[in-house]
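Peer 1:
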DNA sequence: CGACGAGTTGACGAAACTCAAGAGTCGTGG
DNA sequence: CCACGACTCTTGAGTTTCGTCAACTCGTCG
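Chains as they are written, first to last, in my numbering: chain A, -19 to 206; chain B, -19 to 206.
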C-alpha cells in the first residue's frame, strides 16, 4: 500500500496512538478498494465482517425511514472509519453506507482485529477512543440541530471547512449541496437560501467554490454569540 | 449492595454479558450514592475518574451553548451508564451530568476497571458494546429530529414509554415535561400543544399521568406511516 | 441536440418559537 | 394555618422559520 495512503490511515483514531510497526501489521497487505459514486458498501441491517477506513472520497451513512425517505446520519472523509462496532461485535449495521463520490476505502477484517485484540489488550483503548469520538461527533450534531437555526448551522459547516484560520479564505464544498443539506438537517432549498443570507456576511458562492471574507464572523455566528 | 440494586446494574450493557462472579467483583464493595434533584455530578469539561451507572432516578446530560442556554443530550434512567469513555480514556467529559430527580447512582473507579481490562481483554467487548449502544441511541435521536415533526416525536416518546404492549395503557411521565421537551428538541410550549393534538388519537393527559387508548396508533404515527 | 439531474428562486402554507398571561402545586415562613 | 413566592405547565396571540410545490436555469452526458 502507498505511503501516502498509509499516512491517511494513520490519522484515524484506531491507528493514531499505536506503534508504527503494529499499525503496519494491522493493515497487512490490504490495499484500498476503489468505489464509484453511488456504489453501496453495505445496507442497513447487514452483518458486516470488516471495518472500513476512508482513504479518499466520501462515504455517506444513512438510515431509511419507513416512509421511503433517507436520513443522512454522517458523511465520512479521508482518515475516518465506520462500522467498527458492528464488525467487531457481529451485530447488524445500524445504517447503510454508500459512496457519495468516487472513493477509495480500506477494509480490515474484523476477525483478525478481534484476535489481535485478545493478544494485545492495549488495543482496546484505541478502539474505545474511536467509538467515543463517533459518539462525540453525534452529540455535537444533535446539539446544533436542537439549538441552532438553519443559517447558523450552515455558518458552522463553512467555518469547519475553513479550519482554524483567520481572515479570508476560499473553500470548496466537499460533496454535493443536496447531501450537505441532508447532513445539516434541512432541505436543499433551505440550504440554498441560507447561503444567500450569508452573502451579507461576506460569503460568496460560485458553484462548489466558496469565498469567505472573514472566517471568525461565521464562527461567532455558529456559536450563537451573534 | 442490595440484590435488587445489583439486578438493575446487571441490566447494563457492561454487565449483561459477563459472568455473575466477574460482575460482582467489578462492583466490589461499592454502594449506590444518593443524589438530590438538581445536584451536579460533574460539569462539561471535567476530568472524571469513575464511570456512572444509574440505579434509581434520572440523570440528565447536557451541554452548555455559548449563549447561556443548555441543550439536553440524554436522560439516563435505571440500568443506564454514562461517562465510560471519558473515565477510561482520561479525557474531559463532553457533557455535564445533573440529577433530574432524586436518584441513586453507582460509581465505579475507572483505574480499577482499566487494570481489569488489561488483565482480561474480553472485557473490551462489553465496553465496546456499551459505547456502541450509546452511539446507536444518538443516531436514532438524530434521525428522528431530522425527519419527524414535533407531534410525531412526542408520539414516539409515548410509545416507547408504553413498551411493546397493545391496546390501552396508562403511563407516567418519568420526569418533568420541560425536560422531556428538551430531550425531544422542542420548547415546553410546543410539547404541551403537541400533547393536546394527540387528544384526538386517544391520549389523555392529567398531570404526569397519561392514558393511551391504542398504543399502536401512536407507534404508527411515530414511524411516519401516519 | 435533448434528456436528465443539481441547484436556485418564488409563492404559499404549515410548523414551531417567542412573548405574555394565567392556573395550579408545592414549599417556606410568618 | 394561611399567605406568599417560586415553579411548572398551559393557553393565547403574533411572528419567524422552514418545508412544500412549482418553475426555471444551467451544466453534463449520452
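We treat Cβ as the ideally placed atom computed from N, Cα and C, and that holds for glycine.
What does residue 74 of chain A touch in chain B if you count any residue whose Cβ is under 9 Å from its own?
Peer 2: Here residue 74 of chain A corresponds to residue number 94 of the first chain, with the count starting at 1. What residue 74 of chain A touches in chain B: 112, 115, 116, 119 and 120.
Peer 1: Go ahead and pull the three-state DSSP assignment for residue 145 of chain A.
Peer 2: As a position in the first chain, residue 145 of chain A is number 165, starting the count at 1. Coil.
Peer 1: Would residue 34 of chain A and residue 18 of chain A be called neighbours here (beta carbons separated by less than 8 Å)?
Peer 2: Reading the first chain from its first residue, position 54 is the one you call residue 34 of chain A. Reading the first chain from its first residue, position 38 is the one you call residue 18 of chain A. Not in contact: residue 34 of chain A and residue 18 of chain A (Cβ atoms no closer than 8 Å).
Peer 1: Mind checking whether residue 85 of chain A and residue 39 of chain A have CB atoms under 8 Å apart?
Peer 2: Along the first chain, read from residue 1 onward, the residue named residue 85 of chain A stands at position 105. Along the first chain, read from residue 1 onward, the residue named residue 39 of chain A stands at position 59. Contact: yes.
Peer 1: Could you confirm whether any beta carbon from chain A is found closer than 8 Å to the beta carbon of residue 15 of chain B?
Peer 2: The count along the second chain starts at 1 and reaches residue 15 of chain B at position 35. For residue 15 of chain B, the answer is no, since every Cβ of chain A falls outside 8 Å of its Cβ.
Peer 1: What are the start and end residues of the alpha helix (DSSP H) that includes residue 68 of chain B?
Peer 2: To locate residue 68 of chain B, count along the second chain from 1; it is residue 88. First-last of the alpha helix (DSSP H) with residue 68 of chain B: 64 to 69.
Peer 1: Can you list the residues of chain A that residue 101 of chain B reaches, using a CB-CB cut of under 7 Å?
Peer 2: Working through the second chain from its first residue, we reach residue 101 of chain B at position 121. 97, 98, 101 and 104, listed in chain order.
Peer 1: Quick one: using the 10 Å Cβ neighbour count with 16 as the cut-off for buried, is residue 48 of chain B buried or exposed?
Peer 2: Along the second chain, one-based indexing puts residue 48 of chain B at 68. Exposed, by the Cβ-count rule.
Peer 1: Is the segment 54 to 73 of chain B close to the segment 56 to 72 of chain A, with three or more CB pairs under 8 Å?
Peer 2: No, the segment 54 to 73 of chain B does not touch the segment 56 to 72 of chain A.
Peer 1: Name the chain B residues whose beta carbon is nearer than 7 Å to that of residue 69 of chain A?
Peer 2: The count along the first chain starts at 1 and reaches residue 69 of chain A at position 89. Near residue 69 of chain A (Cβ distances below 7 Å), the residues of chain B are 105, 108, 109 and 112.
Peer 1: Check whether the Cβ of residue 87 of chain A lies closer than 8 Å to any Cβ atom in chain B.
Peer 2: Reading the first chain from its first residue, position 107 is the one you call residue 87 of chain A. Answer no: the Cβ-Cβ gap between residue 87 of chain A and chain B never drops below 8 Å.
Peer 1: Would the beta-carbon of residue 116 of chain B fall within 8 Å of that of residue 164 of chain B?
Peer 2: Residue numbering aside, residue 116 of chain B sits at position 136 when the second chain is read from its first letter. Residue numbering aside, residue 164 of chain B sits at position 184 when the second chain is read from its first letter. No, the pair does not count as a contact, with Cβ atoms beyond the cut-off.
Peer 1: Taking C-beta to C-beta, are residue 87 of chain A and residue 10 of chain A nearer than 8 Å?
Peer 2: Numbered from 1 along the first chain, position 107 holds the residue referred to as residue 87 of chain A. Numbered from 1 along the first chain, position 30 holds the residue referred to as residue 10 of chain A. Their beta carbons are under 8 Å apart, which means residue 87 of chain A touches residue 10 of chain A by this criterion.
Peer 1: Please look up how many angstroms separate the CB atoms of residue 89 of chain A and residue 127 of chain A, rounded, as I've assumed it's under 8 Å.
Peer 2: Translated into positions along the first chain, residue 89 of chain A becomes position 109. Translated into positions along the first chain, residue 127 of chain A becomes position 147. The Cβ separation is near 41 Å, so there is no contact.
Peer 1: Quick check: the Cα distance between residue 61 of chain A and residue -7 of chain A, rounded to an integer number of angstroms?
Peer 2: Start at 1 with the first residue of the first chain, and residue 61 of chain A comes out as number 81. Start at 1 with the first residue of the first chain, and residue -7 of chain A comes out as number 13. Cα-Cα distance, rounded: 8 Å.
Peer 1: In or out: residue 56 of chain B buried (at least 16 other Cβ within 10 Å) or exposed?
Peer 2: Counting from 1 along the second chain, the entry for residue 56 of chain B is found at position 76. Buried is the call here.
Peer 1: Return the chain-ordered list of same chain residues with a C-beta closer than 7 Å to the C-beta of residue 23 of chain A, the five sequence neighbours on each side being excluded.
Peer 2: Counting from 1 along the first chain, the entry for residue 23 of chain A is found at position 43. The residues are 76.
Peer 1: How far does the beta strand (DSSP E) with residue 40 of chain B in it extend, from its first residue to its last?
Peer 2: Translated into positions along the second chain, residue 40 of chain B becomes position 60. Residues 39 to 44.
Peer 1: Identify the residues that DSSP records as bridge partners of residue 79 of chain B: which are they?
Peer 2: On the second chain, position 99 is the one that residue 79 of chain B refers to. Residue 79 of chain B is bridged to B:39.
Peer 1: Give the residues of chain A in contact with residue 51 of chain B, contact being defined as C-beta atoms less than 7 Å apart.
Peer 2: Here residue 51 of chain B is taken as the residue at index 71 of the second chain, counted from 1. Within chain A, the residues near residue 51 of chain B are 123, 126 and 127.
Peer 1: Under the DSSP definition of a beta bridge, which residues are partnered with residue 54 of chain B?
Peer 2: Working through the second chain from its first residue, we reach residue 54 of chain B at position 74. According to DSSP, residue 54 of chain B bridges with B:41.
Peer 1: Excluding the five sequence neighbours on either side, which residues of its own chain have a C-beta within less than 7 Å of the C-beta of residue 142 of chain A, listed in chain order?
Peer 2: Within the first chain, residue 142 of chain A is the residue found at index 162, counting from 1. So the qualifying residues of the chain are 149, 151, 192 and 195.
Peer 1: Measuring straight from C-alpha to C-alpha, what distance separates residue 203 of chain B and residue 179 of chain B?
Peer 2: As a first step, residue 203 of chain B must be located in the second chain, where it is residue number 223. As a first step, residue 179 of chain B must be located in the second chain, where it is residue number 199. Computed Cα separation, rounded: 18 Å.
Peer 1: Are the C-beta atoms of residue 45 of chain B and some chain A residue less than 8 Å apart?
Peer 2: As a position in the second chain, residue 45 of chain B is number 65, starting the count at 1. Judged by the 8 Å Cβ criterion, residue 45 of chain B is in contact with chain A.
Peer 1: Along chain A, which residues have their Cβ under 9 Å away from the Cβ of residue 135 of chain B?
Peer 2: Position 155 of the second chain, counted from the start, is the residue given in the question as residue 135 of chain B. Under the 9 Å cutoff, chain A gives no residues; its nearest Cβ is about 13 Å from residue 135 of chain B.
Peer 1: Under the DSSP definition of a beta bridge, which residues are partnered with residue 152 of chain A?
Peer 2: In the first chain, counting from the first residue as 1, residue 152 of chain A sits at position 172. Partner(s): A:189.
Peer 1: Please list, in chain order, the residues of the segment 142 to 166 of chain B that have any C-beta partner in chain A closer than 7 Å.
Peer 2: Flagged, chain order: 165.
Peer 1: Could you name the residues of the same chain whose beta carbon sits closer than 7 Å to that of residue -2 of chain A, not counting the 5 residues immediately before and after it, in chain order?
Peer 2: In the first chain, the residue the question calls residue -2 of chain A occupies position 18. Same-chain partners within the cutoff: 106.
Peer 1: Please report the straight-line C-alpha distance between residue 198 of chain A and residue 97 of chain A, rounded to a whole angstrom.
Peer 2: The residue labelled residue 198 of chain A in the question sits at position 218 within the first chain. The residue labelled residue 97 of chain A in the question sits at position 117 within the first chain. Approximately 43 Å between the Cα atoms of the pair.
Peer 1: Can you pull the chain B neighbours of residue 65 of chain A, defined as C-beta to C-beta under 8 Å?
Peer 2: Residue mapping note: residue 65 of chain A aligns to position 85 of the first chain, counting from 1. Result: 108, 109, 111, 112 and 115.
Peer 1: Report yes if the CB atom of residue 16 of chain B is closer than 8 Å to the CB atom of residue 79 of chain B, and no otherwise.
Peer 2: Here residue 16 of chain B corresponds to residue number 36 of the second chain, with the count starting at 1. Here residue 79 of chain B corresponds to residue number 99 of the second chain, with the count starting at 1. It is a contact, given that the beta carbons lie within the stated cut-off.
Peer 1: Apart from the five residues just before and just after residue 53 of chain A, which ones in its own chain have a Cβ nearer than 7 Å to its Cβ?
Peer 2: Numbered from 1 along the first chain, position 73 holds the residue referred to as residue 53 of chain A. Excluding sequence neighbours, residue 53 of chain A sits near 41, 42, 43 and 75.
Peer 1: Tell whether a beta-carbon distance below 8 Å holds between residue 122 of chain B and residue 118 of chain A.
Peer 2: Position 142 of the second chain, counting from 1, holds the residue named residue 122 of chain B. Position 138 of the first chain, counting from 1, holds the residue named residue 118 of chain A. The answer is yes: Cβ separation under 8 Å.
Peer 1: Could you tell me whether any Cβ in chain B is nearer than 8 Å to the Cβ of residue 203 of chain A?
Peer 2: If you number the first chain from 1, residue 203 of chain A lands on position 223. By this cut-off, residue 203 of chain A is an interface position.
Peer 1: Suppose you measure from the CA of residue 37 of chain A to the CA of residue 82 of chain A; what does that come to, to the nearest Å?
Peer 2: Along the first chain, read from residue 1 onward, the residue named residue 37 of chain A stands at position 57. Along the first chain, read from residue 1 onward, the residue named residue 82 of chain A stands at position 102. Taking the straight line joining both Cα atoms gives about 6 Å.
Peer 1: Using 10 angstroms around the beta-carbon of residue 21 of chain B, count the other beta-carbons present and answer buried if the total reaches 16, otherwise exposed.
Peer 2: In the second chain, counting from the first residue as 1, residue 21 of chain B sits at position 41. Under this definition residue 21 of chain B is a buried residue.
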